[in-house]
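K.L.:
This is the structure, below, for whatever I ask next.
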């Protein structure tokens, strides 16, 4: 079972994690700390409403961030990866306009990824880390 946790195929419950940590001779402590906020994350938070409104005008039903921005480990050279839920009728030109509008609003490079274009082997991982705006 531990190998499943180590390979990230499974996540232990807090109680299971406590037992594993105690069996190694340690105590598990829980504490809340403020989330790390990067300049890119701050820009997204400040412009969230404009960003979502602009992408909805082009056919996005929902907008989420994923990858480095969602994990909080984005850096100065990071781009913004946006996951959009769109209808099948939304075409490449609309996706291009979404990208242009998002880059203008955020002043950063943006990748637009439609949910329906995710490959099955990546889909669950991307959806698990995505943070809806």
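Residue numbers (UniProt numbering): 1 to 133. We treat Cβ as the ideally placed atom computed from N, Cα and C, and that holds for glycine.
1) So, using beta-carbon positions, are residue 110 and residue 99 closer together than 9 Å?
2) Using only CA atoms, which one of 104, 131, 91 lies nearest to residue 117?
3) What three-state label does DSSP hand residue 82 in the structure shown?
4) Work out the CA separation of residue 96 and residue 82 for me, nearest whole Å.
5) Can you tell me which of the three DSSP states residue 90 falls into?
6) I'd like to know if the segment 57–74 and the segment 17–27 are in contact, where contact means that at least 3 CB-CB pairs between them fall below 8 Å.
7) Below 8 Å on the Cβ atoms is my contact criterion, and I expect residue 133 with residue 52 to pass it. Report the Cβ-Cβ distance as a whole number of Å.
8) Are there 16 or more other CB atoms within 10 angstroms of the CB of residue 138, so buried, or fewer, so exposed?
9) Using alpha carbons as the reference points, say which of 86, 129, 120 lies closest to residue 134.
10) Are there 16 or more other CB atoms within 10 angstroms of the CB of residue 14, so buried, or fewer, so exposed?
11) So what's residue 52 in DSSP terms, helix, strand or just coil?
12) What are the start and end residues of the alpha helix (DSSP H) that includes residue 128?
P.N.:
The relevant details are as follows:
1) Here residue 110 refers to the residue found at position 110 when the chain shown is read from its first residue. Here residue 99 refers to the residue found at position 99 when the chain shown is read from its first residue. Taking 9 Å as the cut-off, the beta carbon of residue 110 is found closer than this to the beta carbon of residue 99.
2) In the chain shown, counting from the first residue as 1, residue 117 sits at position 117. By alpha-carbon distance to residue 117, the top candidate from 104, 131, 91 is 91.
3) As a working mapping, residue 82 is identified with position 82 in the chain shown. Under the three-state reduction of DSSP output, residue 82 falls in the strand class.
4) Position 82 of the chain shown, counting from 1, holds the residue named residue 82. Position 96 of the chain shown, counting from 1, holds the residue named residue 96. Rounded to whole angstroms, residue 82 to residue 96 spans 13 Å at the Cα level.
5) Sequence index remark: in the chain shown, residue 90 carries index 90 (1-based). Residue 90: coil per DSSP, three-state reduction.
6) Too few Cβ pairs lie closer than 8 Å, so no.
7) Here residue 133 refers to the residue found at position 133 of the chain shown. Here residue 52 refers to the residue found at position 52 of the chain shown. Contact holds; Cβ gap of about 5 Å.
8) Examination of residue 138 is not possible in this model, given that the chain is present from 1 through 133 alone.
9) This structure leaves residue 134 out entirely; the chain is present only between 1 and 133.
10) For this step, residue 14 is matched to residue 14 along the chain shown. Exposed is the call here.
11) To locate residue 52, count along the chain shown from 1; it is residue 52. In the structure shown, residue 52 sits in a helix (DSSP, three-state: H, G or I).
12) Position 128 of the chain shown, counted from the first residue, corresponds to residue 128. Taken as a continuous stretch (DSSP letters only), the alpha helix (DSSP H) holding residue 128 covers 120–129.
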